[in-house]
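Quick mapping for you: the protein sequence lines, in order, are chains A and B. Mapping the first sequence onto my numbering, position 107 (from 1) lands on 107, and the numbers just tick up by one. If you want my numbering, it's the position in the second sequence, counting the first as 1, plus 113. Beta carbons are placed, not taken as given, at the ideal position from N, Cα and C, and that holds for glycine. On a predicted model such as this, the values are computed, not experimentally measured, just so you know. In what follows, a structure is listed as structure tokens, so that the remarks can point back to it.
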Amino acid sequence: DQQVKQNSPSLSVQEGRISILNCDYTNSMFDYFLWYKKYPAEGPTFLISISSIKDKNEDGRFTVFLNKSAKHLSLHIVPSQPGDSAVYFCAASGPGNTGKLIFGQGTTLQVKP
Amino acid sequence: DTAVSQTPKYLVTQMGNDKSIKCEQNLGHDTMYWYKQDSKKFLKIMFSYNNKELIINETVPNRFSPKSPDKAHLNLHINSLELGDSAVYFCASSGEGGAGEQFFGPGTRLTVL
Chain A
1 DQQVKQNSPS
11 LSVQEGRISI
21 LNCDYTNSMF
31 DYFLWYKKYP
41 AEGPTFLISI
51 SSIKDKNEDG
61 RFTVFLNKSA
71 KHLSLHIVPS
81 QPGDSAVYFC
91 AASGPGNTGK
101 LIFGQGTTLQ
111 VKP
Chain B
114 DTAVSQTPKY
124 LVTQMGNDKS
134 IKCEQNLGHD
144 TMYWYKQDSK
154 KFLKIMFSYN
164 NKELIINETV
174 PNRFSPKSPD
184 KAHLNLHINS
194 LELGDSAVYF
204 CASSGEGGAG
214 EQFFGPGTRL
224 TVL
């Protein structure tokens, strides 16, 4: 029973273009969503988050969009850079301050120079 | 300075052995976690401790026993290792006990032969 799903195992984009990574969830009680980035042989590092009371959060080149009615969120990276090549994990938590993150299976992003 | 550190980074052992993985964080966080990333790359929470108190205990075999001597350390002891225990184990910590971002260690790759 996978409550958080990233249906695209991989994505390849050209440097300078937009990368869009998608994530779907099934549990309507989730109220906080996060994106993590992971390089090989390293731990995941936090990228950006969004609360369920918002529909957009922006941080530099990274923007997360939340569509609660569709139970869908997406991460936009623009412009994409070769250093963005990594595995991106979507995660969800809630309701409330549980500390329990449910992760998707990850999407491998390759940004080509 | 490493925020969340784990030792060892690699661990190769025989079935039936007992082994421990250590985790330390110097972020002053109150909550620490153990995650398991299996061969299919799913990251799943195993345990969390808040100020040395067990908060989350997922359906993990009781061969796995976390120990928190103080709030900066959360060690994972595994008894009678099985082939299926082979995975990458990540330690993490957070300062808000829930909705805040979690900071991950570099991971320990455990291989059971």
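Partner residues in the beta bridge of A:Leu66, as assigned by DSSP, are A:Leu73. Looking at the DSSP output, B:Arg222 bridges to B:Tyr123, B:Val201. With contacts defined by Cβ atoms closer than 8 angstroms, A:Lys54 and A:Leu66 form a contacting pair.
Nearest neighbour of A:Pro44 by Cα position, chosen from A:Lys112, A:Pro113, A:Thr108, turns out to be A:Thr108.
Scanning the region 162–189 of chain B for uninterrupted beta strand (DSSP E) segments of 3 residues or longer gives 166–170, 177–183, listed from N- to C-terminal end. Under the 8 angstroms Cβ criterion, the region 30–39 of chain A does not count as touching the region 120–127 of chain B, having fewer than three qualifying pairs. In the DSSP annotation of this structure, the continuous segment of the beta strand (DSSP E) that includes B:Lys149 starts and ends at 144–150. Just so you know, the alpha carbons of B:Pro174 and A:Ser19 end up roughly 40 angstroms apart.
Excluding sequence positions up to five before and after A:Gly99, its CB lies within less than 8 angstroms of the CB of Ser93, all in the same chain and listed in chain order. In the DSSP annotation of this structure, the continuous segment of the beta strand (DSSP E) that includes A:Lys37 starts and ends at 32–38.
Rounded to whole angstroms, the gap between the alpha carbons of B:Leu223 and B:Pro179 is 16 angstroms. The beta carbon of A:Asn22 sits closer than 6 angstroms to the beta carbons of Ser74 from its chain, once the five residues preceding and following it are set aside; these are given in chain order. Ranked by Cα distance from B:Leu226, the first of B:Ala205, B:Gln215, B:Leu194 is B:Leu194. In the structure shown, A:Asp1 falls within a coil segment according to DSSP collapsed to helix, strand and coil. Here the alpha carbon of A:Lys56 sits roughly 11 angstroms from the alpha carbon of A:Lys68. Here DSSP, grouped into helix, strand and coil, assigns A:Asp84 to helix. Of all C-beta pairs linking the region 144–152 of chain B to the region 162–174 of chain B, three or more are shorter than 8 angstroms, placing the two stretches in contact. Beta-bridge partners of A:Gln6 (DSSP): none assigned. Exclusion of the five residues before and after B:Tyr162 leaves Met145, Ser181, Leu187 as the residues of its chain whose Cβ lies within less than 6 angstroms of its Cβ. Burial check for B:Ser152: the Cβ neighbour count within 10 Å stays below 16, so the residue is exposed.
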